[in-house]
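Following: one structure in structure tokens, then a few remarks.
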Amino acid sequence: MGGTAMSNIKEQLVAGIDIGGSHISVCMVDLELAALQHQYAVRAKVDPHGSAGEIIECWANAIEAGFAQVPVAEKYIGIAMPGPFDYEEGISYITGLHKFESLHGLNVKKMLADRLHIPVSHIKMVNDASAFLLGEVKGGAGKGYQNAAGITLGTGLGSAGFFNGVIQDGDCWCTPFKDARAEDYLCSRWFVQEYARVSGQSVEGVKDLIALYDKEEAVRALFNHFGQHLAEVLMMKYPPTLQEIVVIGGNIAKAWDYFMPAAMERFKQYNVAMNLQPAVLGENAAIAGAAFLWKL
Numbered sequence: 016m017g018g019t020a021m022s023n024i025k026e027q028l029v030a031g032i033d034i035g036g037s038h039i040s041v042c043m044v045d046l047e048l049a050a051l052q053h054q055y056a057v058r059a060k061v062d063p064h065g066s067a068g069e070i071i072e073c074w075a076n077a078i079e080a081g082f083a084q085v086p087v088a089e090k091y092i093g094i095a096m097p098g099p100f101d102y103e104e105g106i107s108y109i110t111g112l113h114k115f116e117s118l119h120g121l122n123v124k125k126m127l128a129d130r131l132h133i134p135v136s137h138i139k140m141v142n143d144a145s146a147f148l149l150g151e152v153k154g155g156a157g158k159g160y161q162n163a164a165g166i167t168l169g170t171g172l173g174s175a176g177f178f179n180g181v182i183q184d185g186d187c188w189c190t191p192f193k194d195a196r197a198e199d200y201l202c203s204r205w206f207v208q209e210y211a212r213v214s215g216q217s218v219e220g221v222k223d224l225i226a227l228y229d230k231e232e233a234v235r236a237l238f239n240h241f242g243q244h245l246a247e248v249l250m251m252k253y254p255p256t257l258q259e260i261v262v263i264g265g266n267i268a269k270a271w272d273y274f275m276p277a278a279m280e281r282f283k284q285y286n287v288a289m290n291l292q293p294a295v296l297g298e299n300a301a302i303a304g305a306a307f308l309w310k311l
């Protein structure tokens, strides 16, 4: 997915936007300094089950609140949005995911542009995992690398590639792996289901398992297996011939020290040298990356 060169727009400040299932975060981003202007940050709750008009109105109000705090001659925005979505045309194909059903099949980009009274050409949209990686490449763990891959580990598996200046949506989640797909082995659901299977006990998520790590051998084994799965998927999808660094984010990445040793051991077994680094920008990565669509 390419972008419009910075010379084609007149503003140094662009609104970076991260849209989640129940929230919208907006922050003005200085494209020259590669820095978020935190004093202009806006976060608002969104009803994912609202009507199309209600959702667009909520998003627009938050975006306008961001712009209201800083003068710009023209408004340009970049939006990180979960899929499935036609990012170029701006049409939502999200359905069956308990969010944004009312937007299915609609041209969200045009609806938002009309509501904000800006040209459709002033809005760029990108997959949230791609925005995460672009943000980390421009101002985080991946800064200075020409070729990078990004993985987000959480309720699902997100992925993206940044190769020779071009950001590319990834498809790790649906990659065949073992008897299912990679996402089925690299998400919080896998931890919950496997722990229930081996122990007969239930946990809410990975955070609960970290608390049990020192007490239960079964928990340590789970983290080891997870690390091995991660290594195997990365060797398959993003081998060193494609990238110089793999940036890993998402909530599960907070358990880095628990699963990464097993991943590195797996690489060693296959004689593969992989540079894996934890993301450093947190939730700001997607905001920064969305804004930097205007400087690709």
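Here this note's numbering is used: the first residue of the sequence shown is 16, the next is one more, and so on. Note that beta-carbon positions come from the ideal geometry of N, C-alpha and C, so glycine has one too.
Is the beta carbon of A164 less than 8 Å from the beta carbon of A144? no
Entirely enclosed beta strand (DSSP E) segments - the region 262-292, minimum 3 residues: Fully enclosed beta strand (DSSP E) runs of 3 or longer: not present.
Beta-bridge partners of P191, as assigned by DSSP: R196
In whole angstroms, give me the CA-to-CA distance for M140 and V287. 35 Å
Within the continuous alpha helix (DSSP H) that includes C42, where are the two ends? No alpha helix (DSSP H) contains C42, which is instead part of the beta strand (DSSP E) from 38-45.
Alpha carbon to alpha carbon, what distance is there between V85 and K310? 20 Å
Taking just the CA atoms, how far does N162 sit from L257? For L257 and N162, the distance between alpha carbons rounds to 7 Å.
Does DSSP put H240 in a helix, a strand or coil? helix
Straight-line gap, S22 to I71 (C-alpha atoms, nearest Å): Note that S22 has pLDDT 41, beneath the 50 cutoff, so the model's placement of it is unreliable and the number below is only indicative. For S22 and I71, the distance between alpha carbons rounds to 30 Å.
With DSSP as the reference, identify every bridge partner of N142, one or two as the case may be. M96
Along the beta strand (DSSP E) that carries G31, what are the first and last residues, could you check? 28-34
Could you tell me how far apart the beta carbons of V207 and I267 are, in whole angstroms, since I believe they sit closer than 8 Å? About 12 Å separates the two Cβ atoms, so there is no contact after all.
Once DSSP output is grouped into helix, strand and coil, what is the label at S214? helix
May I ask which residues mark the beginning and end of the alpha helix (DSSP H) holding G81? Where G81 is concerned, the enclosing alpha helix (DSSP H) stretches over 67-83.
Residue from A233, E198, I225, D223 with nearest C-alpha to S214: A233
What number of angstroms, rounded off, separates the C-alpha of A301 from the C-alpha of D33? 6 Å
So, are the CB atoms of E247 and N290 less than 8 Å apart? no
Count the other CB atoms within 10 Å of the CB of A83; is the residue buried (16 or more) or exposed (fewer)? exposed
In whole angstroms, give me the CA-to-CA distance for L88 and W74. Checking the sequence shown, residue 88 turns out to be Ala, not Leu. When rounded, the distance between both Cα atoms is 21 Å.
Note the first and the last residue of the continuous beta strand (DSSP E) segment covering A175. 172-178
Taking A67 and V41 to be in contact with their CB atoms under 8 Å, please state how far apart those CB atoms are, rounded to whole angstroms. Not quite, the Cβ-Cβ distance comes to about 20 Å (not below 8 Å), so this is no contact.
Counted within 10 angstroms of its Cβ, other Cβ atoms place F238 as buried (16 or more) or exposed: Buried, by the Cβ-count rule.
Given 8 Å as the limit, is there contact between the region 123-140 and the region 273-282, that is, 3 or more CB pairs closer than that? Look at the beta carbons and you see the region 123-140 not touching the region 273-282: under three pairs across the two are nearer than 8 Å.
For G93 and A226, believed in contact at Cβ under 8 Å, the rounded distance: Rounded, the Cβ-Cβ distance is 38 Å, inconsistent with contact.
Output needed for N122: all residues of its chain with C-beta closer than 6 Å, excluding positions within five of it in sequence on either side, in chain order. G105, I106
Cutoff 6 Å; reference L131; Cβ partners in own chain excluding five residues on either side: In the same chain as L131, and ignoring 5 residues on each side of it, the C-beta atoms closer than 6 Å to its own belong to A75, in chain order.
Just tell me which of Y285, K283, L245 has its CA closest to the CA of W271. L245
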